[in-house]
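K.L.:
Note that the protein sequences, when read in sequence, are chains C and S. Heads up, the first sequence is in this note's numbering, so the first residue is 1 and it goes up one at a time. Heads up, the second sequence is in this note's numbering, so the first residue is 316 and it goes up one at a time. Beta carbons are placed, not taken as given, at the ideal position from N, Cα and C, and that holds for glycine.
2 protein chains.
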Amino acid sequence: MKCRKCGERAVINMRHHKLALCKAHYLDWIPEQTQRFIEKYSMFEPTDRLLVAVSGGKDSLGLWDVLSRLGYSADGLYIGLGIDEGTGYSAESHKRCEAFARERGLNLIVVDVAEVEGATIPVAASLTARGRGKPCSVCGLTKRHVMNQAARDGGYAVLATGHNLDDEAAVLFGNTLSWSVGYLSRQGPVLPAHADGLVRKVKPFCRLYERESAAYALLRGIDYIYEECPHAAGATSIYYKELLNRLEADRPGAKLSFYLSFLEAKRQGVFAAERDTSIEELHSCTRCGQPTTAPGLCAFCRTWEQVRSRRPVIA
Amino acid sequence: MKCRKCGERAVINMRHHKLALCKAHYLDWIPEQTQRFIEKYSMFEPTDRLLVAVSGGKDSLGLWDVLSRLGYSADGLYIGLGIDEGTGYSAESHKRCEAFARERGLNLIVVDVAEVEGATIPVAASLTARGRGKPCSVCGLTKRHVMNQAARDGGYAVLATGHNLDDEAAVLFGNTLSWSVGYLSRQGPVLPAHADGLVRKVKPFCRLYERESAAYALLRGIDYIYEECPHAAGATSIYYKELLNRLEADRPGAKLSFYLSFLEAKRQGVFAAERDTSIEELHSCTRCGQPTTAPGLCAFCRTWEQVRSRRPVIA
Chain C
1 MKCRKCGERA
11 VINMRHHKLA
21 LCKAHYLDWI
31 PEQTQRFIEK
41 YSMFEPTDRL
51 LVAVSGGKDS
61 LGLWDVLSRL
71 GYSADGLYIG
81 LGIDEGTGYS
91 AESHKRCEAF
101 ARERGLNLIV
111 VDVAEVEGAT
121 IPVAASLTAR
131 GRGKPCSVCG
141 LTKRHVMNQA
151 ARDGGYAVLA
161 TGHNLDDEAA
171 VLFGNTLSWS
181 VGYLSRQGPV
191 LPAHADGLVR
201 KVKPFCRLYE
211 RESAAYALLR
221 GIDYIYEECP
231 HAAGATSIYY
241 KELLNRLEAD
251 RPGAKLSFYL
261 SFLEAKRQGV
271 FAAERDTSIE
281 ELHSCTRCGQ
291 PTTAPGLCAF
301 CRTWEQVRSR
311 RPVIA
Chain S
316 MKCRKCGERA
326 VINMRHHKLA
336 LCKAHYLDWI
346 PEQTQRFIEK
356 YSMFEPTDRL
366 LVAVSGGKDS
376 LGLWDVLSRL
386 GYSADGLYIG
396 LGIDEGTGYS
406 AESHKRCEAF
416 ARERGLNLIV
426 VDVAEVEGAT
436 IPVAASLTAR
446 GRGKPCSVCG
456 LTKRHVMNQA
466 ARDGGYAVLA
476 TGHNLDDEAA
486 VLFGNTLSWS
496 VGYLSRQGPV
506 LPAHADGLVR
516 KVKPFCRLYE
526 RESAAYALLR
536 GIDYIYEECP
546 HAAGATSIYY
556 KELLNRLEAD
566 RPGAKLSFYL
576 SFLEAKRQGV
586 FAAERDTSIE
596 ELHSCTRCGQ
606 PTTAPGLCAF
616 CRTWEQVRSR
626 RPVIA
């Protein structure tokens, strides 16, 4: 297989694009594509200050790398979750993010949940109803809160996450199986800012297959953490990813066309009515000031109040 | 496993309903459920004259049986498609429909496509661009035309088809993967009548799993044709059915909840705007008078004109 652009040996063949590329052209192609998506979905402007949420994985570090190469002013945000029991997962991912930033002279903001809130995610999950069995719910809630808070505090215009096409298609698939119109109406490459304090969120890699994102990180020599979070095993999203992978294997491009035709249907106004109503109903949390759907404490503050009230005091 | 109603040995266990039933109670349960769906979706009234499209398979003969048991005035419509090369598929299915009607004293209308239009479906498909490779497109087009014509000619209020949940979920899945909003907006247990000559279409079995419909036909001793149409092999709908079967095996009830949550989203108006526009655009075919989306000949008449112009004349 030869590179379509120069005839050298190709390192990747993307059947859905009918495109094979060599290493050098692939490493150019990814930023070009990313820039195209940034413009197509009006994600942000060249002068905007960006905050990239990084986990130490291929997608988020790859995204930070691409945004920096494209000349954007992009700082990183690492959230220490304290998922270390036996695996050292959080410690390892923190190390990769620090090293990545240091080697490139980039600025990394670190928020350690245990330091700020008084408990790691696994401990918090064990102390709240929300965390029964799996800490993923408390973790997602906490990350969303910390990301928005850090972006507001730092005056960033936009928060960028490394979600790839496989992530987005799996979420879309789940929301479609249950026809969760509220979620469907909000899913997309951009979640707009909200006057009451929700920072704009964007996903510049949303049209890259996971495989493409992984190839980019590998070929760029990015030292990322290969392991998934140890709590991810058995997650519904992974089940949907496997199902979609089978579909993709039988029909190359199925995942991309599923996601793109959804975006097109949205653009044509399928969920327009729903989106309007869902945005009206936000209140300000009486403790942290972040937006929430009901008056009083937000889900984050309620959960962590519960954690603090139940945590055994260790001398 | 015991019958929930009488404690006798159960013949079927429906995990998604947490319900096991013996033969006698199952044979009552299916008509009860069907009557519930007829009312829930306002399909038709007790005094309406119904035409049931029958293929000789378990679903359509089972439906005809159930509607008759429920006391509805329901005639059958068998369409002879001439799919007999090597398999005798059409001849066999015709025989089952005739025997079913005769044994129960029911009225069966027979329309033979080759007699009326001058060629069997396989011959027509081989002579038209629409039929390249597979006759399924010409066949579907022709069946829809003949069904509507027969229902209009006979003055029937409603045309009923035997589509089961597996059929509906597979169609929904395909339309969702491509986000075909036009098709999504029209899918449902009822396709309303249209002033310009579209007869009301209903699917009273749309919430029964294929397995439940098959069990009913078997336990009722209905002599139906087991074989699928020989042209169905490799069809996309069968591929989607297999994918949904894997999902159902892992998460019992997934197929039903997918379909029901879709209907609920529709009821709440997700596709409301789309539905309104799609109904406005019908014209009357200048040859057959049936409704069509563009002025002039309908797709059925155009296709069969082409068949007749290309058919070799045999002395």
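1) Which same chain residues, not among the five before or five after Asn328 of chain S, have their C-beta less than 6 angstroms away from its C-beta?
2) Step through the CB atoms of chain C and report whether any lies within less than 7 angstroms of the CB of Phe352 of chain S.
3) With a threshold of 7 angstroms between beta carbons, is Trp29 of chain C in contact with chain S?
4) Kindly indicate the opening and closing residues of the alpha helix (DSSP H) around Gly140 of chain C.
5) Should Lys18 of chain C go down as buried or exposed, given a rule of 16 or more other Cβ atoms within 10 Å for buried?
6) Output the distance between the C-alpha atoms of Ala315 of chain C and Arg308 of chain C, rounded to the nearest integer angstrom.
7) Step through the CB atoms of chain C and report whether any lies within less than 7 angstroms of the CB of Thr551 of chain S.
8) State the beta-bridge partners of Ser382 of chain C as determined by DSSP.
9) Tell me, please, which residues DSSP counts as bridged to Ser185 of chain C.
10) Please state the DSSP three-state secondary structure of Arg566 of chain S.
11) CB-CB under 6 angstroms to Thr293 of chain C, same chain, minus the five flanking residues each way: which ones, in chain order?
12) Please list the partners that Ala170 of chain C has in chain S, where partner means a Cβ-to-Cβ separation under 7 angstroms.
13) Could you tell me the boundaries of the beta strand (DSSP E) in which Arg200 of chain C lies?
14) Mapping DSSP to helix, strand and coil, what is Leu5 of chain C?
15) Give me the subset of the stretch 477-511 of chain S whose CB atoms are less than 7 angstroms from a CB atom of chain C, sorted by chain position.
16) Comparing alpha-carbon positions, which option in C:Arg4, C:Val11, C:Thr128 and C:Cys3 lies nearest Ala215 of chain C?
17) With the cut-off set at 7 angstroms, would you say Pro192 of chain C and Lys203 of chain C are in Cβ contact?
18) Along the beta strand (DSSP E) that carries Asn422 of chain S, what are the first and last residues, could you check?
19) List the endpoints of the continuous alpha helix (DSSP H) containing Ala169 of chain C.
20) From the beta carbon of Ala265 of chain C, is the nearest beta carbon of chain S less than 7 angstroms away?
21) By how many angstroms is the C-alpha of Ile345 of chain S removed from the C-alpha of Leu474 of chain S?
22) Given this structure, state the Cα-to-Cα distance separating Leu61 of chain C from Ile540 of chain S, to the nearest angstrom.
23) Which bits of chain C does Ala564 of chain S rub up against, with CB to CB less than 8 angstroms?
24) So what does Asp427 of chain S bridge to, in DSSP terms?
25) Rounded to the nearest angstrom, how far is the Cβ of Thr176 of chain C from that of Thr491 of chain S, given a contact under 8 angstroms?
26) Should Lys23 of chain C and Ala217 of chain C be called a contact, given that it needs their Cβ atoms to be closer than 7 angstroms?
27) For Leu392 of chain S, I'd like the list of residues in its chain whose CB is within less than 6 angstroms of its CB, leaving aside the five on either flank, ordered along the chain.
28) Roughly how many whole angstroms lie between the Cα atoms of Gly371 of chain S and Lys410 of chain S?
29) Against chain C, does Val585 of chain S count as a neighbour if the rule is that its beta carbon must be under 7 angstroms from one of theirs?
30) With 16 other CB atoms within 10 Å as the buried threshold, where does Asn148 of chain C fall?
31) Output the boundary residues of the beta strand (DSSP E) element that contains Leu523 of chain S.
32) What separation, rounded to the nearest whole angstrom, lies between the Cα atoms of Arg459 of chain S and Gly469 of chain S?
33) Sorted by chain position, which residues of the same chain lie with C-beta nearer than 7 angstroms to Phe271 of chain C's C-beta, five sequence neighbours on each side aside?
34) Does the beta carbon of Ser576 of chain S come closer than 7 angstroms to any beta carbon on chain C?
35) Between the C-alpha atoms of Leu562 of chain S and Glu432 of chain S, what's the straight-line distance to the nearest angstrom?
36) Leaving aside the five residues before and after Arg311 of chain C along the sequence, list all residues of the same chain whose C-beta is less than 8 angstroms from its C-beta, in chain order.
P.N.:
To lay it out plainly:
1) Met316 and Ala335
2) no
3) no
4) Cys136 to Asp153
5) exposed
6) With a pLDDT of only 46 at Ala315 of chain C, under the threshold of 50, the placement of this residue in the model should not be trusted, and no figure is reported.
7) no
8) With chain C running from 1 to 315 in the structure shown, residue 382 of chain C is simply not present.
9) Bridge partners of Ser185 of chain C: none, in fact.
10) coil
11) Glu281
12) Within 7 angstroms Cβ-Cβ: nothing; Ala170 of chain C doesn't reach chain S, min ~13 angstroms.
13) Arg200 to Val202
14) Per the sequence shown, residue 5 of chain C should be read as Lys rather than Leu. Looking at Lys5 of chain C - three-state DSSP - the assignment turns out to be coil, as it is neither helix nor strand.
15) Thr491, Leu492, Ser493, Trp494 and Val496
16) C:Val11
17) no
18) Where Asn422 of chain S is concerned, there is no enclosing beta strand (DSSP E), given that its DSSP letter is neither H nor E.
19) Leu165 to Leu177
20) yes
21) 20 angstroms
22) 59 angstroms
23) Those within 8 angstroms of Ala564 of chain S in chain C number zero; the least Cβ separation is about 12 angstroms.
24) S:Gly395
25) 5 angstroms
26) no
27) Leu366, Ala368, Ile424 and Ala465
28) 8 angstroms
29) yes
30) buried
31) Leu523 of chain S -> no beta strand (DSSP E), and no H or E assigned at all.
32) 16 angstroms
33) Val181, Leu184 and Ser185
34) yes
35) 42 angstroms
36) Gly118, Ala119, Val123 and Leu127
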